[in-house]
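Engineer:
Residue numbers (the working numbering): 10 to 254.
Shown next as structure tokens:
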């Protein structure tokens with residue numbers, strides 16, 4: 010199992026747990042709101058639980074819910090989920106040298122369990138891939154400790170939201186609470202000028218394209234931000250002195 014006794018006993022596993030623990034409250038609030046939103050949208054308890062376990066991507070779930078309610082074609086729902094989660098392609102490429110020594114099934118399991126914050130915390134703690142077996146084990150234990158907290162907080166509070174959705178009135182404003190938690194997570198990840206710029210571009214484009222049907226303004230905002238920031242990143246690589254300004 011990925012969470013074996015040997016992994017749990019490693020000091021870096023406990024370090025990952027302790028580092029991620031303060032963020033569990035925000036992750037749980039987001040999960041609670043997502044669980045409530047799925048049931049309030051008309052999904053059955055079984056469908057909501059299945060989506061939580063299989064998708065395990067809050068932003069993608071929240072983007073898909075209004076499309077499902079609006080009766081959007083399947084390709085629109087899938088394209089939206091794909092665009093929203095494009096960042097995980099970048100995460101995977103970055104984590105590849107850290108995990109390539111593992112069997113394929115274990116790499117896929119790490120890929121499923123690793124979320125935005127666990128990725129950000131892990132790569133901050135270990136900016137360089139491991140060079141020997143001891144480092145490999147230590148880094149895997151730290152990564153596992155981080156996403157152990159993330160997964161438990163998300164799944165636990167999503168289950169609570171699904172179970173209590175019909176007892177929670179709309180007047181409580183959980184949607185706004187969810188937005189606040191997303192803003193907090195976004196701000197914690199905006200650690201470079203390019204990331205801040207990508208958020209501003211995506212937000213401005215989504216607002217400008219608000220009139221598009223089926224919430225396609227979200228897809229448009231993400232697409233424009235990704236394309237422009239890829240182009241800007243290439244310009245910075247060609248002119249490294251400009252990137253430092």
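Using N, Cα and C, we set each Cβ at its ideal position, and we do this for glycine too. Quick caveat: nothing in here was measured; it's all calculated off a predicted structure.
Nearest-angstrom Cα distance between residue 148 and residue 21?
Structural biologist: Looking at the two C-alpha atoms, the distance is approximately 7 Å.
Engineer: The alpha helix (DSSP H) with residue 23 in it runs from where to where?
Structural biologist: Note, residue 23: alpha helix (DSSP H), 20-29.
Engineer: Considering only C-alpha positions, which residue in the set 73, 33, 39 is nearest to residue 51?
Structural biologist: Of 73, 33, 39, the residue nearest in Cα terms is 73.
Engineer: Closest by CA to residue 241, which one among 46, 203, 216?
Structural biologist: Closest option to residue 241, Cα to Cα, is 203.
Engineer: Rounded to whole angstroms, what's the CA-CA distance from residue 56 to residue 114? Just pull it up for me.
Structural biologist: Residue 56 and residue 114: Cα-Cα distance of roughly 26 Å.
Engineer: In the DSSP assignment, the alpha helix (DSSP H) including residue 95 goes from what residue to what residue?
Structural biologist: It is not in any alpha helix (DSSP H) - residue 95 carries neither H nor E in the DSSP assignment.
Engineer: CA-CA distance, residue 65 and residue 171?
Structural biologist: Each residue's alpha carbon lies about 14 Å from the other.
Engineer: Going by alpha carbons, who is nearest to residue 209 out of 221, 192, 222?
Structural biologist: The candidate whose alpha carbon is nearest that of residue 209 is 192.
Engineer: Let me know if residue 200 comes out buried or exposed under the rule of 16 or more other beta-carbons within 10 Å of its beta-carbon.
Structural biologist: Residue 200 is exposed by the Cβ-count criterion.
Engineer: List the whole-angstrom C-beta distance separating residue 119 from residue 152, where the pair is believed to meet the contact cut-off of C-beta under 8 Å.
Structural biologist: The Cβ separation is near 7 Å, so the contact holds.
Engineer: Taking the continuous alpha helix (DSSP H) assigned at residue 212, which residues delimit it?
Structural biologist: Per DSSP, residue 212 belongs to the alpha helix (DSSP H) from 202-217.
Engineer: Apart from the five residues just before and just after residue 124, which ones in its own chain have a Cβ nearer than 7 Å to its Cβ?
Structural biologist: Closer than 7 Å at the Cβ level, and outside the excluded window around residue 124, lie 156, 159.
Engineer: What does a CB cutoff of less than 7 Å around residue 24 pick up in its chain, not counting 5 residues either side in sequence?
Structural biologist: 151, 154.
Engineer: Please work out which residues of its chain come closer than 7 Å, Cβ to Cβ, to residue 228, disregarding the five sequence neighbours upstream and downstream, and give them in chain order.
Structural biologist: Hits under 7 Å: 88, 89, 92.
Engineer: List the whole-angstrom C-beta distance separating residue 174 from residue 45, where the pair is believed to meet the contact cut-off of C-beta under 8 Å.
Structural biologist: Sure, about 5 Å apart at Cβ, within 8 Å.
Engineer: Let's see if you can read the secondary structure: which residues bound the alpha helix (DSSP H) around residue 131?
Structural biologist: Residue 131 -> alpha helix (DSSP H) spans 125-134.
Engineer: Assuming residue 95 contacts residue 231 (C-beta within less than 8 Å), just tell me the rounded distance between them.
Structural biologist: With a Cβ gap of about 7 Å, residue 95 and residue 231 count as contacting.
Engineer: Skipping 5 residues on each side, what residues in its chain have a beta carbon closer than 6 Å to that of residue 196?
Structural biologist: Same-chain partners within the cutoff: there are none.
Engineer: Is the CB-CB distance between residue 19 and residue 145 below 8 Å?
Structural biologist: No, the Cβ-Cβ distance between residue 19 and residue 145 is not below 8 Å.
Engineer: Relative to the C-alpha of residue 36, which candidate in 58, 59, 163 has its C-alpha closest?
Structural biologist: Checked all of 58, 59, 163; the closest Cα to residue 36 is 163.
Engineer: So residue 40 packs on residue 80, CB below 8 Å; how close in whole Å?
Structural biologist: With a Cβ gap of about 26 Å, residue 40 and residue 80 do not count as contacting.
Engineer: Using 10 angstroms around the beta-carbon of residue 239, count the other beta-carbons present and answer buried if the total reaches 16, otherwise exposed.
Structural biologist: Result: exposed.
Engineer: Can you check the stretch 57-92 for any alpha helix (DSSP H) of at least 4 residues that lies completely inside it and give the ranges in chain order?
Structural biologist: Counting whole runs of 4 or more residues, the stretch 57-92 contains the alpha helix (DSSP H) stretches 67-78.
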